[in-house]
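Asks:
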Amino acid sequence: MSGRLADVLPLSPAQEGLLFHALYGGDDAYVVQARFAIDGQADPARLRAALESLLDRHPNLRACFRHKGLDRPVQLVPHRVRLPWTEVDPPSEAELERMLEADRLRPFDVTRPPLVRATLVGRRELVLTMHHLLVDGWSMPILAGELATLYAGDGVLPPAPAYKDYLTWLHAQDGERALAEWRAALADLPGPTLVRPGAVAASLRQEVVELELTRERSEAVRRRAREAGVTLNTLVQAAWGQVLGRMTGRDDVVFGAVVSGRPPEVPGVESMAGLFINALPVRVRTGEPLSRLQDEQSRLTPYHHVRLADVQRGTGELFDTLLAFENYPRDGLSSPGIRLTDVHDATHYPLTVTVVAGERLWLRLGHRADLFTRAEAEAVAERLVTALESDELPPAESHRLLVTWNDTARPETAGSVPERFAAQAARTPDAVAVEHGGHALTYAELDARSDRVAARLAIEPETPVAVLMERSPDLVVALLAVLKAGGCYVPLDPGQPPARLEWLLADSGARVVLTSLDESGGPAFEGPPLRRDAAAYVMYTSGSTGTPKGVVVTHANILELAADRRFAGHRRVLLHSPHTFDAATYELWVPLLNGGTVVVAPPGPLRPDTIAGARLSAVWLTAELFRALTDLAPDALATVPEVWAGGDVLAPDTVRRAARHGVQVVNGYGPTETTTFATSHRVGPEPGTGSVPIGRPLDNTRVYVLDPRLRPAPAGTVGELYVAGTGLARGYLGRPGPTAERFVADPFGGPGERMYRTGDLARWTFDGELEFAGRADGQVKIRGYRIEPGEVEAALESCPDVRRAVVITASLGGAVRLVAYVVTDAIERVREQAAARLPQHLLPARYIPLDRLPLTAHGKVDRAALPAPEAPSVTVTEPATPREKELCGLFAQVLGGEAGADTDFFDAGGDSLLAMRLTAAIEAEIGIRTSIAALFEAPTPAKLAVRLDRTAPELDLSPLLTLRAEGDRAPLFCVHPGRGIGWSYTALLPHLTPGRPVYALQSPVLQAGVHTLPGGMRELAEEYLARVRAVRPDGPYLLLGHSFGGLLAYEMAARLREDGQEVGLVASLDAVPWPPGFEAEPAGLEQEALTILLRTRTLHPYAQPGPLERARVFAAVRDSEGPLSGMDDAGLSAVADTVAGHLRLAVTYRPPPYDGTVLLFSATAQPGGLGSAVKTERWSPARVRVHELDCGHSDLLRPGSAAEIAGVLEPILREW
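And the structure:
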């Protein structure tokens, strides 16, 4: 800072919010980059002088920001500042874009002025980069016009209105009255509207989707607003609310809107340059008149000056999307001499919508690349454009959801089940139809026996016949005989209590009960004619009221299931399910109606040797049975070409373990009401880490994901799942009310067609696959958040120590909370793992360990039999350590009340401003620097004490850095990237199972200050392996490396295999061998090495684009808080030489043969990066398994990506 201070100013509400994000830690999204075209060749000296005159005119543009030791932050305005100025001449447009992106990603240190830098590009374009703390969009045309006048030098500008006048007005306003108005506007809001709940600030890199409406469509939108008597801004707000409502399934939503914040009471406010805008909530209710929305927003206009943190006090985060409607004056965009051509900015929100009201409406959707894919963002943008015109989804998306992804038609199967069986028996009379214990029934024998039994029945059409028999060939004969006789069978379990059997007999109306077969002689059987829609069986399912409901399934339903093309190869199918369970429909009729064999399992529980010895072509298993057999006998499952599993959510970890043993898994989904299956998903050979999709609809089946108003839910959005098509049962026996409630008219089908309301929640992926998302009747609201316990269950089951989990809601201490029942031997580790995977609002309040989960007779979880949770005692925990006591005192001081060790800072009223004060107080009183991000991750004194007292690997530059010492499992060795430092691997620790040591290999130059690199990668690998063997003399070895470290890890693995050692893992984080023939120039290596060195800094920008110089780079590294800040020039020079050496080794490296698999994590969002296919080819001839991550190369070890990487690693690591 040059000269003395000119002023000390308070902050506006928006500045306080942006300062919070700048100090939060990690990336700072709020950088504004403006591009100006210059007529002719620019005069650099005159242009620089014009810019400095601009800073002289507007003192607030010279400001920096301080908060430590202060009750409220301030902005300091020096008399003068030196504007950072750079001149570059990039050789191509692509290189210019790369430089511009690098400039946007270069952070400002907001405590040091100026927060402005200028770059002259080829004397034809000016790039002015500023922190958003200084300016808003309205200011840019003002600054552009003044800059043009100052550069031309042929005009006199009037004195600039002072931003200070606005701040003075602002701080004289009645804050309490304003907050009262906002509280009234948000009264009874059902909760926050979050499109990505719990999203952390991982990579804040934003990508953009832009759309421009035609003049005709733009005019149509304006005409719609005029006809409704509202402004275009109001229509845009309503449209965005409509889009959010469809995305979240809510009819009362809230989002952030950017308001100009320029009060007309302040003279000259329209000509001021500075940050006036504010982000405040807009509430939109489905179906409300547009005029009501406009009136409410008009009433709130005088109160646009309040802090968002104050509005959200007591409610927490209300929204995570932002809407900006821009119609401010644009006079400076066409000034002669210098013209403003582009402004690039971003926010931290997952979605930011900007609508510019020009002659043609222009829409810009910024999206966090780590949270939304390009396809998802494009879909959201199209929905908004459509919402401006109507209440529907875009036609293309509607067609995809309703037609394209339901294109399952094939000719329907004619006849009845007996007719189809008779035709098969006539074709293959001697083929084996039923096999059991070494005995077989041919189709002819089964036909004859069932004829004899049917002849004895002598019943009327659709007469219910109870079949009370154990699993056996006789059971198959009995069921076929009932159908031949024209009846419908009612399967009953002999093991059920007599009272229940009596109830089922009475409810079904069954007067005939088959307990054994009477095949005595009689007249030749002539079966009655059967309608295709005649009842075939009545199967009872549990009802939500506790009363079972009988589902009436027709012959047509069975025929359609058996004719599905997915089952063409299911020739030998095991009948082992209880015949009272709808899976028996598949096990029996799919093989029998297609010329296959029903293999009847022996009595009792299913044994692995039964599967292994039956020469099956397919088998059906419940989710629990599938899990048990995968644990006990995966090789038995691998003998079956297809293993269908379902009936409950499939655990992803179980599916991955089965796939690794060569098991082909198919996830089958379908309620009894849709005849066993409605959808299926065939799992690939390398399943991902997320939930297993339930897939696509079966033949002649349609599936819809609908919102509460029966409209298609957009792709990626959870809605209720409905099923239509030929598998739909007739309804519930004798229950017209429940039938009408669940079997409803299909609004998308033909006349008279119905669809079944499953009560399940699901979402479409953008690839046209369905994902199960829990039960609609299980969705609860806790602390204002809508929560689906199934989502929490899925996250818990992805934890390595969890074998099974069920989550319910219960009243604990008078409040509704989540309770998790977990089958595990390590409940405390599960708590830690859950905290690393789930946002705070999804964490269970209680964890109850169980040896096993109670199951129903059909193998589903019996939730009613779970033990009741005990209510926790309500006490304030006293601090247990001196550090906790210190922090309790600081919490109490900042919050203004008593604080215990378990006091949650944010639940107790902490906000962004108080968070800044607390972190500053911790540094001042305890002497430990921490971040606001750390406070969010550890919001209680007890948790924060652990974090502050934890030995920080950042303090260690040793060649073998211990990241985690405890544990007796095989250690994971992480090899440093090109810069030589291994600290970034700490991001993996929260997501890796405790009990496994983790080490980082770092370059010896960091500690020794000197290191001579060997001439090749082989020699370097041997040097590093000496350190590895000192910790672990023998294998198995687990190796991982990022960038250069991935190449070195591979070489180390090859050397270990050459020595006969076992290598369990070689993981490469976006490391790719260079192509042959590439030569690196020394000057290029030097520049890249210095660029890498700059990335070791944490806070301060390096404002010198163009060729890097060692002296300046070393000064920037020392003037930071990075790991190398304490090194002198000699040490940094040695590090730079070593980094350049690593680059040289990487360029010349040719991977040797290796007999294992390389697990390649490919960063797919790196600008100008290679595609995954090219990366895989570069590793040839090594075997490569690719896992793609939607992030940049340098973002791989940020929190979000690190969690995903660990999720892929964990199943592999567990085997060692």
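Sequential numbering from 101 applies to the sequence shown in the numbering used here. Beta carbons: idealized from backbone N, C-alpha and C, even for Gly.
1. For residue 1164, which residues of its own chain have a beta-carbon under 6 Å away from its beta-carbon, when the five flanking residues on both sides are left out?
2. Among 319, 217, 265 and 404, which has the Cα closest to the Cα of residue 277?
3. Report buried or exposed for residue 793, applying the criterion of at least 16 other Cβ atoms within 10 angstroms of its Cβ.
4. Pull up the distance between the alpha-carbon of residue 272 and that of residue 322, whole angstroms please.
5. Quick test of your reading: residue 1106 and residue 1098, contact by CB under 8 Å. State the CB separation rounded to the nearest angstrom.
6. Note the first and the last residue of the continuous alpha helix (DSSP H) segment covering residue 323.
7. Please list the terminal residues of the continuous beta strand (DSSP E) segment that includes residue 649.
8. Start and end of the alpha helix (DSSP H) containing residue 778?
9. Please state if the CB of residue 380 and the CB of residue 400 are separated by a distance shorter than 9 Å.
10. Give the secondary structure of residue 136 by DSSP, where H, G and I count as helix, E and B as strand, and everything else as coil.
11. Could you check where the beta strand (DSSP E) with residue 863 kicks off and where it finishes?
12. Using DSSP's beta-bridge definition, name the partner residues of residue 535.
13. Just mark residue 378 as buried or exposed, buried being the case when its beta carbon has 16 or more other beta carbons within 10 Å.
14. Fully enclosed by the region 1105–1180, which beta strand (DSSP E) runs are 3 residues long or longer?
15. What does the Cβ neighbour count give for residue 571, buried or exposed, with the cut at 16 atoms within 10 Å?
16. Counting only the same chain and skipping the five closest in sequence on each side, list residues whose C-beta sits under 7 Å from that of residue 1288.
17. May I ask which residues mark the beginning and end of the beta strand (DSSP E) holding residue 462?
18. Based on the DSSP secondary-structure assignment, which residues constitute the bridge partners of residue 230?
19. Considering Cα atoms alone, identify which of 995, 892 and 986 is closest to residue 945.
20. Please report the distance separating the alpha-carbon of residue 994 from that of residue 1014.
21. From the DSSP output, in three-state form, read off residue 795 for me.
22. Please classify residue 573: does DSSP put it in a helix, a strand, or coil?
23. Please state the DSSP three-state secondary structure of residue 589.
24. Using CA atoms only, rank isn't needed, just tell me which of 165, 140, 141 and 158 is closest to residue 122.
25. With a threshold of 7 Å on Cβ separation, who are the neighbours of residue 746 within its own chain once the five nearest residues in sequence on each side are excluded?
26. Check whether the region 659–672 and the region 693–713 are in contact - that is, three or more C-beta pairs closer than 8 Å.
27. Measure the C-alpha to C-alpha separation of residue 416 and residue 1006 and round it to an integer number of angstroms.
28. For residue 901 and residue 924, what's the separation of their Cα atoms in angstroms?
29. Answer with buried or exposed for residue 898, where buried requires no fewer than 16 other C-beta atoms within 10 angstroms of its C-beta.
30. Within its chain, find whatever has a CB closer than 6 Å to the CB of residue 1052; leave out the 5 residues flanking it on each side and keep chain order.
31. Span of the beta strand (DSSP E) holding residue 956?
32. Buried or exposed for residue 368, going by 16 or more other Cβ atoms inside 10 Å?
33. At 3 residues or longer, what runs of the beta strand (DSSP E) sit wholly inside the region 660–731?
34. Please state if the CB of residue 821 and the CB of residue 750 are separated by a distance shorter than 9 Å.
35. Quick one: what's got a C-beta closer than 7 Å to residue 215's C-beta in the same chain, skipping five residues either side?
36. What does a CB cutoff of less than 8 Å around residue 1153 pick up in its chain, not counting 5 residues either side in sequence?
Replies: A quick look at the data gives this:
1. Mapped onto the sequence shown, residue 1164 falls at position 1064. Cβ within range, chain order: 1136, 1138 and 1316.
2. Against the sequence shown, residue 277 aligns to sequence position 177. Between residue 277 and the set 319, 217, 265 and 404, the nearest pair of CA atoms involves 404.
3. Here residue 793 refers to the residue found at position 693 of the sequence shown. Residue 793 is buried by the Cβ-count criterion.
4. Numbered from 1 along the sequence shown, position 172 holds the residue referred to as residue 272. Numbered from 1 along the sequence shown, position 222 holds the residue referred to as residue 322. Using only the alpha carbons, I get a separation of about 38 Å.
5. The residue given as residue 1106 occupies position 1006 in the sequence shown. The residue given as residue 1098 occupies position 998 in the sequence shown. Not really, about 19 Å apart at Cβ, beyond 8 Å.
6. Within the sequence shown, the letter at position 223 stands for residue 323. 315–328 is the span of the alpha helix (DSSP H), which, as asked, contains residue 323.
7. What you label residue 649 is simply residue 549 of the sequence shown in a count that begins at 1. Taken as a continuous stretch (DSSP letters only), the beta strand (DSSP E) holding residue 649 covers 649–654.
8. Along the sequence shown, read from residue 1 onward, the residue named residue 778 stands at position 678. Counting along the chain, residue 778 falls outside any alpha helix (DSSP H), and DSSP gives it neither H nor E.
9. By 1-based counting over the sequence shown, the position of residue 400 is 300. By 1-based counting over the sequence shown, the position of residue 380 is 280. Cβ atoms of residue 400 and residue 380: closer than 9 Å.
10. Position 36 of the sequence shown, counting from 1, holds the residue named residue 136. Note: residue 136 maps to strand in three-state DSSP.
11. By 1-based counting over the sequence shown, the position of residue 863 is 763. Per DSSP, residue 863 belongs to the beta strand (DSSP E) from 854–864.
12. The residue given as residue 535 occupies position 435 in the sequence shown. 540 and 699, per the DSSP bridge assignment.
13. As a position in the sequence shown, residue 378 is number 278, starting the count at 1. Residue 378 should be labelled buried.
14. Considered as a whole, the region 1105–1180 harbours 1137–1142 and 1163–1169 as its complete beta strand (DSSP E) runs of no fewer than 3 residues, in chain order.
15. The residue given as residue 571 occupies position 471 in the sequence shown. Residue 571 comes out buried.
16. Within the sequence shown, residue 1288 is the residue found at index 1188, counting from 1. Setting aside the 5 residues that flank it on each side, residue 1288 is surrounded in the same chain by 1262, 1264 and 1272, each with a C-beta closer than 7 Å to its C-beta; the list follows chain order.
17. The residue you call residue 462 lines up with position 362 of the sequence shown. Residue 462 -> beta strand (DSSP E) spans 461–468.
18. Mapped onto the sequence shown, residue 230 falls at position 130. Per DSSP, 132 and 216.
19. Position 845 of the sequence shown, counting from 1, holds the residue named residue 945. Its Cα nearest to that of residue 945, the residue 892 stands out among 995, 892 and 986.
20. As a working note, residue 994 is residue 894 in the sequence shown. As a working note, residue 1014 is residue 914 in the sequence shown. In a straight line, the C-alpha of residue 994 is about 7 Å away from that of residue 1014.
21. For the purposes of this step, residue 795 is taken as the residue at position 695 of the sequence shown. Here residue 795 sits in strand by DSSP.
22. For this step, residue 573 is matched to residue 473 along the sequence shown. The answer is helix: DSSP assigns residue 573 an H, G or I state.
23. Within the sequence shown, residue 589 is the residue found at index 489, counting from 1. Look at residue 589 here: in three-state DSSP terms it is strand.
24. On the sequence shown, residue 122 is found 22 positions in, with the first residue counted as 1. Ranked by Cα distance from residue 122, the options 165, 140, 141 and 158 are led by 165.
25. In the sequence shown, the residue the question calls residue 746 occupies position 646. By the criterion of a C-beta distance shorter than 7 Å, residue 746 is surrounded in its chain by 723, 767, 768 and 769, once the five residues flanking it on both sides are discounted.
26. In short, these stretches touch, since the Cβ pair count reaches three.
27. In the sequence shown, counting from the first residue as 1, residue 416 sits at position 316. In the sequence shown, counting from the first residue as 1, residue 1006 sits at position 906. In a straight line, the C-alpha of residue 416 is about 8 Å away from that of residue 1006.
28. As a working mapping, residue 901 is identified with position 801 in the sequence shown. As a working mapping, residue 924 is identified with position 824 in the sequence shown. CA-CA distance, residue 901 to residue 924, rounds to 6 Å.
29. If you number the sequence shown from 1, residue 898 lands on position 798. Result: buried.
30. Counting from 1 along the sequence shown, the entry for residue 1052 is found at position 952. Caution applies to residue 1052, whose pLDDT of 43 falls short of 50 and renders its modelled position unreliable; the value that the coordinates give is listed next. Once the five neighbours on either side are set aside, residue 1052 has no close Cβ partner at all.
31. Counted from its first residue, the sequence shown places residue 956 at position 856. From DSSP, residue 956 is part of no beta strand (DSSP E); its letter is neither H nor E.
32. If you number the sequence shown from 1, residue 368 lands on position 268. Label assigned to residue 368: exposed.
33. Annotation note: the region 660–731 contains the following uninterrupted beta strand (DSSP E) runs of length 3 or greater, listed N- to C-terminal: 672–675, 697–700 and 718–722.
34. Counting from 1 along the sequence shown, the entry for residue 750 is found at position 650. Counting from 1 along the sequence shown, the entry for residue 821 is found at position 721. Contact: no.
35. Against the sequence shown, residue 215 aligns to sequence position 115. Cβ within range, chain order: 164, 208, 230, 231, 233 and 234.
36. As a first step, residue 1153 is located in the sequence shown; it is residue number 1053 there, counting from the start. These residues qualify, in order along the chain: 1137, 1139, 1163, 1166, 1254 and 1256.
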